[in-house]
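Quick note, the sequences are listed as chains A and B, same order.
Convert by adding 6 to the 1-based position in the first sequence; the result is the number in the working numbering.
Convert by adding 6 to the 1-based position in the second sequence; the result is the number in the working numbering.
Ideal placement from N, C-alpha and C gives every residue a C-beta, glycine not left out.
As the structure is a computational prediction, the values presented were derived from the model and not from experiment.
2 protein chains.
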Amino acid sequence: MTRNQRGKLLIFALGGLDEIGKNMYVVQYGNDIVVIDSGLMFPEEEMLGIDIVIPDITYLIENQDKVRGIILTHGHEDHIGGLPYILKQIKVPIYATKLTMGLIEHKLKEAHLLNDVRRFVINNQSEISLGSLKATFFYTNHSIPDSVGVCIHTPEGAVVHTGDFKFDMTPVNGQLADMHKMAEIGKKGVLCLLSDSTNAERPGFTGSERTVGEGIKEVFRKAKQRVIVATFASNIHRIQQVVDACYIYGRKLAVVGRSMVNVVNIASELGYLHIPKDIIIEPDDINRLPAHKVAVISTGSQGESMSALNRMANASHRKVEILPGDTVIIAATPIPGNEKMIGRIVDQLFRIGADVVYSTTSHVHVSGHGSQEDLKLMLNLMKPKYFIPIHGEYRMLRAHAQLAESVGVRPENIFICDNGDTVEISGGKARYGPKIPTGKVLIDGLGVGDVGNIVLRDRKLLSQDGILVVVVTLSKTNGTILSGPDIISRGFVYVRESEQLLEDATQVVNQTMERCMKDQVSEWASLKTSIRDSLSKFLYERTRRRPMILPIIMEV
Amino acid sequence: MTRNQRGKLLIFALGGLDEIGKNMYVVQYGNDIVVIDSGLMFPEEEMLGIDIVIPDITYLIENQDKVRGIILTHGHEDHIGGLPYILKQIKVPIYATKLTMGLIEHKLKEAHLLNDVRRFVINNQSEISLGSLKATFFYTNHSIPDSVGVCIHTPEGAVVHTGDFKFDMTPVNGQLADMHKMAEIGKKGVLCLLSDSTNAERPGFTGSERTVGEGIKEVFRKAKQRVIVATFASNIHRIQQVVDACYIYGRKLAVVGRSMVNVVNIASELGYLHIPKDIIIEPDDINRLPAHKVAVISTGSQGESMSALNRMANASHRKVEILPGDTVIIAATPIPGNEKMIGRIVDQLFRIGADVVYSTTSHVHVSGHGSQEDLKLMLNLMKPKYFIPIHGEYRMLRAHAQLAESVGVRPENIFICDNGDTVEISGGKARYGPKIPTGKVLIDGLGVGDVGNIVLRDRKLLSQDGILVVVVTLSKTNGTILSGPDIISRGFVYVRESEQLLEDATQVVNQTMERCMKDQVSEWASLKTSIRDSLSKFLYERTRRRPMILPIIMEV
Numbered sequence: 007m008t009r010n011q012r013g014k015l016l017i018f019a020l021g022g023l024d025e026i027g028k029n030m031y032v033v034q035y036g037n038d039i040v041v042i043d044s045g046l047m048f049p050e051e052e053m054l055g056i057d058i059v060i061p062d063i064t065y066l067i068e069n070q071d072k073v074r075g076i077i078l079t080h081g082h083e084d085h086i087g088g089l090p091y092i093l094k095q096i097k098v099p100i101y102a103t104k105l106t107m108g109l110i111e112h113k114l115k116e117a118h119l120l121n122d123v124r125r126f127v128i129n130n131q132s133e134i135s136l137g138s139l140k141a142t143f144f145y146t147n148h149s150i151p152d153s154v155g156v157c158i159h160t161p162e163g164a165v166v167h168t169g170d171f172k173f174d175m176t177p178v179n180g181q182l183a184d185m186h187k188m189a190e191i192g193k194k195g196v197l198c199l200l201s202d203s204t205n206a207e208r209p210g211f212t213g214s215e216r217t218v219g220e221g222i223k224e225v226f227r228k229a230k231q232r233v234i235v236a237t238f239a240s241n242i243h244r245i246q247q248v249v250d251a252c253y254i255y256g257r258k259l260a261v262v263g264r265s266m267v268n269v270v271n272i273a274s275e276l277g278y279l280h281i282p283k284d285i286i287i288e289p290d291d292i293n294r295l296p297a298h299k300v301a302v303i304s305t306g307s308q309g310e311s312m313s314a315l316n317r318m319a320n321a322s323h324r325k326v327e328i329l330p331g332d333t334v335i336i337a338a339t340p341i342p343g344n345e346k347m348i349g350r351i352v353d354q355l356f357r358i359g360a361d362v363v364y365s366t367t368s369h370v371h372v373s374g375h376g377s378q379e380d381l382k383l384m385l386n387l388m389k390p391k392y393f394i395p396i397h398g399e400y401r402m403l404r405a406h407a408q409l410a411e412s413v414g415v416r417p418e419n420i421f422i423c424d425n426g427d428t429v430e431i432s433g434g435k436a437r438y439g440p441k442i443p444t445g446k447v448l449i450d451g452l453g454v455g456d457v458g459n460i461v462l463r464d465r466k467l468l469s470q471d472g473i474l475v476v477v478v479t480l481s482k483t484n485g486t487i488l489s490g491p492d493i494i495s496r497g498f499v500y501v502r503e504s505e506q507l508l509e510d511a512t513q514v515v516n517q518t519m520e521r522c523m524k525d526q527v528s529e530w531a532s533l534k535t536s537i538r539d540s541l542s543k544f545l546y547e548r549t550r551r552r553p554m555i556l557p558i559i560m561e562v
Numbered sequence: 007m008t009r010n011q012r013g014k015l016l017i018f019a020l021g022g023l024d025e026i027g028k029n030m031y032v033v034q035y036g037n038d039i040v041v042i043d044s045g046l047m048f049p050e051e052e053m054l055g056i057d058i059v060i061p062d063i064t065y066l067i068e069n070q071d072k073v074r075g076i077i078l079t080h081g082h083e084d085h086i087g088g089l090p091y092i093l094k095q096i097k098v099p100i101y102a103t104k105l106t107m108g109l110i111e112h113k114l115k116e117a118h119l120l121n122d123v124r125r126f127v128i129n130n131q132s133e134i135s136l137g138s139l140k141a142t143f144f145y146t147n148h149s150i151p152d153s154v155g156v157c158i159h160t161p162e163g164a165v166v167h168t169g170d171f172k173f174d175m176t177p178v179n180g181q182l183a184d185m186h187k188m189a190e191i192g193k194k195g196v197l198c199l200l201s202d203s204t205n206a207e208r209p210g211f212t213g214s215e216r217t218v219g220e221g222i223k224e225v226f227r228k229a230k231q232r233v234i235v236a237t238f239a240s241n242i243h244r245i246q247q248v249v250d251a252c253y254i255y256g257r258k259l260a261v262v263g264r265s266m267v268n269v270v271n272i273a274s275e276l277g278y279l280h281i282p283k284d285i286i287i288e289p290d291d292i293n294r295l296p297a298h299k300v301a302v303i304s305t306g307s308q309g310e311s312m313s314a315l316n317r318m319a320n321a322s323h324r325k326v327e328i329l330p331g332d333t334v335i336i337a338a339t340p341i342p343g344n345e346k347m348i349g350r351i352v353d354q355l356f357r358i359g360a361d362v363v364y365s366t367t368s369h370v371h372v373s374g375h376g377s378q379e380d381l382k383l384m385l386n387l388m389k390p391k392y393f394i395p396i397h398g399e400y401r402m403l404r405a406h407a408q409l410a411e412s413v414g415v416r417p418e419n420i421f422i423c424d425n426g427d428t429v430e431i432s433g434g435k436a437r438y439g440p441k442i443p444t445g446k447v448l449i450d451g452l453g454v455g456d457v458g459n460i461v462l463r464d465r466k467l468l469s470q471d472g473i474l475v476v477v478v479t480l481s482k483t484n485g486t487i488l489s490g491p492d493i494i495s496r497g498f499v500y501v502r503e504s505e506q507l508l509e510d511a512t513q514v515v516n517q518t519m520e521r522c523m524k525d526q527v528s529e530w531a532s533l534k535t536s537i538r539d540s541l542s543k544f545l546y547e548r549t550r551r552r553p554m555i556l557p558i559i560m561e562v
């Protein structure tokens, strides 16, 4: 270890900055690297056909011998969802609280990785050594239990990463955030704070999860027939409140949707969900009970077309159908981009004759992320010298930076970074360091990294105006046409209604080929280009469309 | 005319129910048909490559001799945008207020239809005869001036169509809605009211447009450098308020964006926009003036990638570039589905160093549609016997129906219809009548109706996993392979990184063909099916993807 390496602290993100998702932050001191979170991101609209996106971890692979561990702050997909892919590439121990670890183990089991990974369960009393670094933890409030913030104690000073958080003064499970511990950390001195910016544009405090429970109980009280609640599977506090409402109003509860069943099982086993005896029934038993004695909790609160809620609403669920007079609570707000899908399912439910309680017209959701006043409270507890806003798109990071300034962090001590930007702290002084290569790794099916810009550009082109394949067989001996040109199209026009157009197009190809032969064009590449150009021009003039054109020349 | 036809009133929609857009309502009495509005709709996400959607007007074409006229309530695309397509199919006079007609004429000119269409300008004093029907008009408040509601006087009674509306008690142009006239119509008796449901889920009154002007002035007052305002081109009241702010704070105004220039020209010419002398400058002159003396009004408030705002933010606009220190006001709220695009442009503007004033953090927009209290006021003024909520998705129509009930319309007199559902009123009694065929006509480029479900399904498939074309040339004489099989893929995988996969795939095709030949399969169709099936299975196993597979057999 060189002197220089020993004395330098590097902080950077491989994911999570200027975006929502694939969170992955790195704290490095000399030869010791600690990673915080390994999330995935759901694809942007233009990433056609992509299933998920994870961070590019080339840096960690190249420095594998230095990576001491991955700490997971909580069990959401944007914090743990990348683990199965990442742990296939690097061998490193992981640290998480009990519930978070339960959810991770389920994932690792599915990926056949469970036995290959060293796992350590931590709590807010744990102190773990990671080379020259030490990590301690404090509980936070978030929309999933057992969420923690992390304090990495480095020779340069303490680096605090809040994870996702809000301050809930009346938490459902009675467990307040570790404010006293945060105060203590702040008192001892925080060199650098990394804090959640998701709601940095939103004024005020974020409401307590308990207020949602009150709303749910009110609906249960009035409902005449069955009550179906759709919410995020991971929101165990909310599930608990639905269980409680069932208990109070004497209803049995059926759990539907794969991820809902999964989370309810794990959370109950580990003691994070308390379900009174005899409340849970199997979906098969729903119809054996009177409608006013039944409730259902389900996935599908974002209107996802394959979700249990959507299938129940469209009478395509194997076990449960929503009927006139049932009450459906969609206990979520739309994630940006999902507004239309949710609108459609609400419409469909009303059409069936169900009563629908949803976010546009009722209070059935609060965020798990702190608003401006929560964020200022965190900043004031921690009193950091340096501040890096994390978890958010650029405008959110910027809004968070302004909040930090408003509570007294010096503007020159605030670093708004992009993924790969490093903040280098040495001798108590921070500055931007060298850039770390990073990026998006797209996963489509089993493929990791085999889909990139060219493939996506082609998918985009194909999606707009379809494709025309032009095939022709030429003689090897004299270059005359033996068969074709044949034009086959997909996604371009109704072939039956456009016979003339396609005939004319064939004519254009014929003329082009004749001209090429007269000009003695023998290079296939130039022949193909000529066909593509003339056909493209012809089709644009006739239809104002630009389908992909794929000329194929066979030689026999 | 049969007795039956004479005595029957039919009311129905060809577009605008259970959707936002392509508004087109029909009132028919005997042999007289009046059409209200001819809108377009922007395509849903799954309508890949489609430019716009218009109503199917088969019914109007089949009854062309009965159509007495089309009345346009105001100049928005979802009310007039379908006209050029519809007037190509039926010859019928159109009726609109001065500004609406100005915008329509611009469209008809572009479509080379201006001289073919009889056009009549109306105002709130007009009475027009349409066969046995008569139409009168009342002004409303909306986000474009010169908006009207229509009263169709029929032998059965008065049918009132509100158009889009809200009640603005302090309108920017001082012109209140014709409340006295509405009251008079209501007093005389309304048989059936059709009223705008867009904001029927929203409690309270919609705010006055004037409040947005106050917000804009406040930003102008504080801005140190240039101010760029992006808003909807058609919102002339808002443009007026930007002009006023320029006047007050001594700034010149440049107009950028094709539709903004167009609307500003038409509205100024017709007297709907009052621009003091010497305020307007050409975009070329912006850089000749000090930054604090300049403002720009622009399109792009929905983050559209090709809009002026986006180009200015990305330094790809020919004349204007947004610079550090400039202030940008995005005076709009996201239309559902556009949240992410707007987020991206806000991020980009902040990154440049501009100050951005936008709907998440500031009051810079009010809706043009009435909220629940506006809607109740309209219902109470009109006191209709029958009520049909229009302009909205199902949940909005339903919410509006509940409002109608709450102010005393009898539940059995409220008709929540879908496009094509008819309400038949005869002898003062209303009931559902026969269904009229209707639907969506998709327009892609110059094509009208040549893209439908099969083409869209193919585009969807292509967009997800791309395409593999398998070509093989067979001998006509003995069926042996002369050339190929060749596999060409687009939008599937990076070919360079997947050479082995594609080689293996070729092997699979070879084996399949050998098997088919051994089994003496000579039908091309079955050969193609075998290739498709075996290749599809192979690719799914190896990649978990399902590209479209297109086998092509050439014979020489």
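At which residues does the alpha helix (DSSP H) containing residue i begin and terminate?
i, result
"Gly192/A", "185–194"
"Pro390/A", "Segment 390–396 is the beta strand (DSSP E) holding Pro390/A; no alpha helix (DSSP H) there."
"Tyr546/B", "530–549"
"Val249/A", "242–254"
Here's the rule I'm using: 16 or more other beta-carbon atoms within 10 Å means buried, otherwise exposed. How should residue i be labelled?
i, result
"Met266/B", "buried"
"Gln408/B", "exposed"
"Lys172/B", "buried"
"Asn10/B", "Reliability of the predicted coordinates at Asn10/B is poor, the pLDDT of 43 falling under 50, and the value obtained from them is presented with this limitation in mind. Exposed, since its Cβ has fewer than 16 Cβ neighbours within 10 Å."
"Thr8/A", "Because the pLDDT of Thr8/A is 42, which lies under 50, any placement of that residue in the model is unreliable, and the number read from its coordinates should be weighed accordingly. That one is exposed."
"Ser495/A", "buried"
Pull up the CB-CB distance for residue i and residue j, whole angstroms please, since I reckon it's below 8 Å.
i, j, result
"Leu200/B", "Ile394/B", "5 Å"
"Phe18/A", "Val429/A", "7 Å"
Interface residues of chain E around residue i at Cβ under 8 Å?
i, result
"Ser504/B", "The displayed structure is made up of protein chains A and B, and chain E is not among them."
How about residue i: is its Cβ closer than 8 Å to a heavy atom in the ligand COA?
i, result
"Glu561/B", "The ligand COA is absent from the structure shown, which contains no ligands of any kind."
For residue i, report the span of its beta strand (DSSP E) as first-last.
i, result
"Asp361/B", "361–363"
"Tyr31/B", "30–35"
"Gly21/B", "15–21"
"His159/A", "154–160"
Quiz item: Hey, which unbroken runs of the alpha helix (DSSP H) at 4 residues or more fall wholly within the region 417–495 of chain B?
Solution: 459–471
Quiz item: Is there contact between the region 548–560 of chain A and the region 476–489 of chain A, where contact requires at least three CB pairs shorter than 8 Å?
Solution: yes
Practice problem: Flag this pair as touching only if the region 44–54 of chain B and the region 414–426 of chain B have three or more C-beta atom pairs under 8 Å; answer yes or no. | Solution: no
Exercise. Could you pull out every unbroken alpha helix (DSSP H) segment of at least 4 residues lying fully inside the region 260–300 of chain B, listed in chain order?
Key: 264–275
Exercise. Any chance you could list the alpha helix (DSSP H) runs of at least 4 consecutive residues sitting entirely within the region 168–237 of chain B, in chain order?
Key: 185–194, 215–228
Practice problem: Could you say if the region 148–160 of chain B and the region 55–71 of chain B meet the contact criterion of at least three C-beta pairs nearer than 8 Å? | Solution: no
Quiz item: On the three-pair Cβ rule with 8 Å, is the region 351–364 of chain A touching the region 201–211 of chain A?
Solution: no
Quiz prompt | Cβ contact check for the region 19–27 of chain A and the region 392–406 of chain A: 3 or more pairs under 8 Å | solution = yes
Self-check item: Every unbroken beta strand (DSSP E) within the region 303–369 of chain A, with a cutoff of 3 residues, ordered by chain
Solution: 333–336, 361–363
Quiz item: Is there contact here, the region 304–324 of chain B with the region 260–274 of chain B, by at least three beta-carbon pairs under 8 Å?
Solution: yes
Quiz item: If you pair each beta-carbon of the region 288–308 of chain A with each one of the region 246–260 of chain A, do three or more pairs fall below 8 Å?
Solution: yes
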